[in-house]
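Data block below; observations after.
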Ligand code: FES
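Residue numbers (my numbering): 826 to 1393.
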């Protein structure tokens, strides 16, 4: 197969002319023939003024280019979609598959022998890895790295577990307007991704466990010099991969590596979003993430990393304690150490070099875990025939077995309008239910699963309630929150059948979530549901594509025609 600049020639019906034209135009940029005859490493540029998490991308790109050139290859930077969590309407999840398609097609369309993808803010690494798996070109992933921590009145702060905690205090009247403004300026003190174990950190850690990025690259803080040395080293690795034409993602990603990623996700107290993204990545390959296997691993794998929201520390503490290599060392035989990485080394070699840091308490040994079971549990029942997930490590233990009266919100808008209504019939033992917030329903499965505690209850001291929905939740959030109920209510899932006052039983030990209504009554309600119609927002453009082809959470919310085997 042709390589370097000769790869993927534009079709003019004359290959010689196509190459002649390509070289003529690229020479306009001042490249020499020597440069143009080298193996090419493409580098994605996801810098955007709208994406503060990616604020260090220009400096990372410079370091990658240096590494590529030091190894005798030619770096070519190209832009792709960039998605920042809080600047994406309606949600960043709505745009993840667009970014994955853009990245995949730009990797295919332009001549390159290897690619370096640089991302970090929640949906970007998943999108880039989905693209890399589909394009199957040798790929190095570079996470942009976490922010450093903030400080407020002697307290260490992190985005965005503490954003939510302090906002809840503000809602409860415990802090005033002046203080919440001060906090607002201190929660995100540097560029980089959220520095708790949210989705960005989860995806960076499982990328490292999958062997797609360099050791320690998940945890190095975004502004640190080490981040840029790691980027330079990544550039060198990518150049060698371009010369060797491998390894490709299909050679790295095996059942063992996907299992390792799930073990790490449970052990770090990972984000529930990570499960959806890992499922989508696997669906691009011949492999699968099976919810039952994931749940079984959760019973075997303890949470060892003491990070918010499940624990106390932040990503920089995890890094200084030895990062993912040290975690995998502590996990011992739960990790398959024969799994390969992009450097050609196995995880055994990575783990052998893990740093031993005396006195560190961010990564616990297996005999002294943060939680005896893993971060997440998968639930089934008549409310969730195809599954639901709860982050039990960040839930209130006393609510993990709970039966309560349903208080139903029809949509995110309905919840926003009514949740603080002083006349809302709700008490602390009730179960808050949000529907029409799934992949299709909202659309884009917003992170609305962390329903706010109704103000009148918050002011009375209620800190947590059982909340259930077909939505997602930020990995930075905490509470007894059942998410990703599948199938979602917008496609007729049983969540659509719940009425105010129905009793709902959650039993995490038994892995069940049930509506305590008999089947005959449920059938009556099902028959009375209005038939689905295409909503106005989905009549054209990307929205139409999204609405017609989006899969449910248990299949990773990819588009049905983007799976490895294509449309069924
Ligand atoms: Fe970008 Fe949290 S907002 S990682």
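Just so it is clear, CB atoms sit at the ideal spot from N, CA and C, and this is done for glycine as well.
Shown here for residue 1298: same chain residues with a beta carbon closer than 7 angstroms to its own, the five before and five after excluded, namely 1097, 1272, 1274, 1275, 1306 and 1308 in chain order.
Burial is judged here by how many other beta carbons sit within 10 angstroms of a residue's own beta carbon; residue 991 has at least 16 and is buried. Around the beta carbon of residue 1386, fewer than 16 other beta carbons lie within 10 angstroms, which makes this residue exposed. By the beta-carbon neighbour count (other beta carbons within 10 angstroms, threshold 16), residue 1173 is exposed. The continuous stretches of beta strand (DSSP E) do not include residue 1342, and DSSP gives it neither H nor E.
For residue 1237, the enclosing alpha helix (DSSP H) has its first and last residue at 1237–1243. Of the candidates 1056, 906, 1384 and 1370, the residue whose Cα lies closest to the Cα of residue 965 is 1056. Measuring C-alpha to C-alpha distances from residue 1048 to each of 975, 1218 and 880 identifies 880 as the nearest.
Residue pairing by DSSP leaves residue 1057 without any beta bridge partner. Each of 878, 910, 946, 1018, 1019 and 1025 has a C-beta closer than 5 angstroms to some heavy atom of the ligand FES; these make up the full list, in chain order. Membership of residue 964 in any alpha helix (DSSP H) is not indicated; the residue belongs instead to the beta strand (DSSP E) covering 964–968. Here residue 1303 carries a coil assignment [DSSP, helix/strand/coil]. Counting only runs that start and end inside the segment 1241–1273, the beta strand (DSSP E) elements of at least 3 residues fall at 1256–1259.
Rounded to the nearest whole angstrom, the C-alpha separation of residue 1156 and residue 1064 is 32 angstroms. 943 is the residue among 1112, 1117, 1216 and 943 whose C-alpha sits nearest the C-alpha of residue 872. According to the DSSP assignment, residue 1082 belongs to the alpha helix (DSSP H) that extends over 1080–1092. Taking each of 1343, 1383, 1022 and 1286 in turn and checking the Cα distance to residue 993, the smallest one comes out for 1286. Counting C-beta atoms within 10 angstroms of its own C-beta, residue 1328 has fewer than 16 neighbours from the protein chains shown and is therefore classed as exposed. Three or more Cβ pairs closer than 8 angstroms define a contact, and the segment 944–959 falls short of that threshold against the segment 1230–1240. In this model, residue 1325 and residue 1311 are separated by some 20 angstroms (Cα to Cα). By the Cβ-count criterion, residue 895 is exposed, with fewer than 16 other Cβ atoms from all chains shown falling within 10 Å of its own Cβ.
Annotation: residue 857 to residue 833 spans about 20 angstroms, alpha carbon to alpha carbon. Out of 1075, 1194 and 1085, the CA that lies nearest to the CA of residue 1158 is found in 1085. Following the DSSP letters along the chain, one finds residue 943 inside the beta strand (DSSP E) bounded by residues 939–944. When the five nearest sequence neighbours on each side are left out, the beta carbons in the same chain lying within less than 6 angstroms of the beta carbon of residue 1206 are those of 1337, 1338 and 1339, in order along the chain. Around the CB of residue 1265, 16 or more other CB atoms lie within 10 Å, so the residue is classed as buried. Going by C-alpha positions, residue 1270 is about 44 angstroms away from residue 850. With a cutoff of 9 angstroms on beta-carbon distance, residue 906 and residue 927 are scored as near each other. Assigned with DSSP and collapsed to three states, residue 971 falls in strand.
Cβ contact annotation for residue 1255 (same chain, cutoff 6 angstroms, sequence separation greater than five): 1229, 1230 and 1232, in chain order.
Secondary structure of residue 1218 (DSSP, three-state): helix.
If you check the CB distance, residue 1028 and residue 1115 do not come in under 9 angstroms.
Distance from the Cα of residue 1322 is smallest, within the candidate group 1345, 1300, 1335 and 831, for 1345. Straight across, the Cα-Cα distance linking residue 1040 with residue 1026 is about 14 angstroms. Contact annotation, residue 1012 with residue 1030: C-beta distance approximately 22 angstroms; criterion of less than 8 angstroms not satisfied.
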